[in-house]
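**Student:** Residue numbers (UniProt numbering): 1 to 305. Ideal Cβ positions, reconstructed from N, Cα and C, are used throughout, including at glycine. What you are looking at is a predicted structure, and each value in this text was computed from that prediction instead of being measured. Please find one structure pasted underneath; my questions will follow.
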């Protein structure tokens, strides 16, 4: 188990920091940790503003503002007392080679899942979710998807590497069951009549009681194994300006956190936070939102333990 003392020891190394000041381990397959954090500095599939390749670094830096708390409000325990967490740094691949990124990320995730680890990954643009889902589906079979986003990302008319196409390919490949999947916070155009997904649009999610939204999500996914992906642009640009494709009318950070807390007990086997783009951020509020969302996901994992 990680301890506060270990966190303090690692904080002695200047500019060598893991998420939440947790230990760095560049050979995670041999780790005894429960959760491995991986950064994926990739944004070649971006259609809007580029720069999310720097998202993992920004999220890690912002997380030091959360590391001192111990027990995170409103949870009543310290995450590091229930989960051992290590950060293996960023995925290595030749910049400009999108296929190599996919191959390396699949192999990385496949090996860690086979070793019994849970992955928490930081994008990068949203395309990184596809090789991650492929690796998880190899071990867990067809999953339910819980997807927070301003966009459905299930368009079938994009290029091979396009951060708007992942969930089209995921359903075609049998990685996810769209009927047991839910997309939360959508507020851009999609195929309203023919979408196979359960869509909770942003105006409904903003106006309905949180408990009602949570209950809808829980009814849709049931007892399925879940891949949860959180695109930071599901938040309104007032709360997350630092992203590649901002869309007004989104969720508040408070509402997103409350919905996530309502998912405790669900079987979430994989998770990512993507599309933090620090070049367009202000006062690190988007990076802090990403780091906080990621911490909430870890609390969901520790609650199941």
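1) Does the region 57-64 come close enough to the region 274-284 to have 3 or more Cβ pairs within less than 8 Å?
2) In the DSSP assignment, find the beta strand (DSSP E) that holds residue 89 and state where it starts and stops.
3) Between the C-alpha atoms of residue 214 and residue 264, what's the straight-line distance to the nearest angstrom?
4) Considering only the beta carbon of each residue, do residue 23 and residue 36 sit closer than 8 Å?
5) Just to confirm my understanding: we take residue 101, look at its own chain, exclude 5 residues before and 5 after, and list those with CB closer than 6 Å. What are they?
6) What residues match up with residue 78 in a beta bridge as DSSP calls it?
7) Which partner residues of residue 270 appear in the DSSP bridge assignment?
8) Once the 5 residues before and after residue 6 are set aside, which same chain residues still bring their CB inside 7 Å of it?
9) Residue 304: buried (16+ other C-beta within 10 angstroms of its C-beta) or exposed?
10) Exposed or buried, which one is residue 194 when buried takes at least 16 other CB atoms within 10 Å?
11) How about residue 244 and residue 49: are their beta carbons less than 8 Å apart?
12) Rounded to whole angstroms, what's the CA-CA distance from residue 4 to residue 202? Just pull it up for me.
13) Just curious, the beta strand (DSSP E) that residue 243 is in, first and last residue?
14) My understanding is that residue 177 touches residue 225, with C-beta atoms under 8 Å, so please give their C-beta distance in whole angstroms.
15) According to DSSP, residue 159 sits in a beta bridge with which residue or residues?
16) Compute the distance between the beta-carbons of residue 307 and residue 272, then report whether it is under 8 Å.
17) Taking the CB atoms as reference points, tell me whether residue 269 and residue 227 lie closer together than 8 Å.
18) Any idea what DSSP makes of residue 136, helix, strand or coil?
19) Please report the distance separating the alpha-carbon of residue 320 from that of residue 32.
20) Under a three-way DSSP split, which group does residue 148 fall into?
21) Nearest to residue 143 by CA position, among 120, 158, 161, 170, is which residue?
22) What whole-angstrom Cβ distance do residue 120 and residue 300 have, given they're in contact under 8 Å?
23) Who does residue 38 pair with in a DSSP beta bridge?
**Tutor:** By the coordinates alone:
1) yes
2) For the purposes of this step, residue 89 is taken as the residue at position 89 of the chain shown. It spans 85-90 - the beta strand (DSSP E) in which residue 89 sits, taken as one unbroken run.
3) Position 214 of the chain shown, counted from the first residue, corresponds to residue 214. Position 264 of the chain shown, counted from the first residue, corresponds to residue 264. Using only the alpha carbons, I get a separation of about 10 Å.
4) Numbered from its first residue, the chain shown carries residue 23 at position 23. Numbered from its first residue, the chain shown carries residue 36 at position 36. Going by C-beta atoms, residue 23 is not nearer than 8 Å to residue 36.
5) By one-based count along the chain shown, residue 101 stands at place 101. Result list for residue 101: 42, 93, in chain order.
6) In the chain shown, the residue the question calls residue 78 occupies position 78. Residue 78 is bridged to 71.
7) Counting from 1 along the chain shown, the entry for residue 270 is found at position 270. Note: residue 270 sits in a beta bridge opposite 119, 227.
8) Against the chain shown, residue 6 aligns to sequence position 6. With a pLDDT of only 37 at residue 6, under 50, the local geometry of the prediction cannot be trusted, and the value read off the model is given with reservation. Once the five neighbours on either side are set aside, the close Cβ partners of residue 6 are 23.
9) Numbered from its first residue, the chain shown carries residue 304 at position 304. By the 10 Å Cβ count, residue 304 comes out exposed.
10) Locating residue 194 in the chain shown gives position 194, where the first residue counts as 1. Burial call: exposed.
11) Reading the chain shown from its first residue, position 244 is the one you call residue 244. Reading the chain shown from its first residue, position 49 is the one you call residue 49. Closer than 8 Å, so yes.
12) Start at 1 with the first residue of the chain shown, and residue 4 comes out as number 4. Start at 1 with the first residue of the chain shown, and residue 202 comes out as number 202. With a pLDDT of only 29 at residue 4, under the threshold of 50, the placement of this residue in the model should not be trusted, and no figure is reported.
13) Along the chain shown, read from residue 1 onward, the residue named residue 243 stands at position 243. Segment: none, residue 243 is in no beta strand (DSSP E) and carries neither H nor E.
14) Along the chain shown, one-based indexing puts residue 177 at 177. Along the chain shown, one-based indexing puts residue 225 at 225. Not quite, the Cβ-Cβ distance comes to about 10 Å (not below 8 Å), so this is no contact.
15) As a first step, residue 159 must be located in the chain shown, where it is residue number 159. Answer is none; residue 159 lacks a bridge partner.
16) Limits of the chain in this structure are 1 at one end and 305 at the other, which puts residue 307 out of reach.
17) Reading the chain shown from its first residue, position 269 is the one you call residue 269. Reading the chain shown from its first residue, position 227 is the one you call residue 227. A contact, by the Cβ cut-off of 8 Å.
18) One-based indexing of the chain shown puts residue 136 at position 136. DSSP places residue 136 in helix when its eight states are reduced to three.
19) This structure leaves residue 320 out entirely; the chain is present only between 1 and 305.
20) Here residue 148 corresponds to residue number 148 of the chain shown, with the count starting at 1. Here residue 148 sits in strand by DSSP.
21) Taking the first residue of the chain shown as position 1, residue 143 is located at position 143. Of the listed residues, the one whose Cα sits closest to residue 143 is 170.
22) Sequence index remark: in the chain shown, residue 120 carries index 120 (1-based). Sequence index remark: in the chain shown, residue 300 carries index 300 (1-based). 11 Å between Cβ atoms; not a contact.
23) As a first step, residue 38 must be located in the chain shown, where it is residue number 38. 121, per the DSSP bridge assignment.
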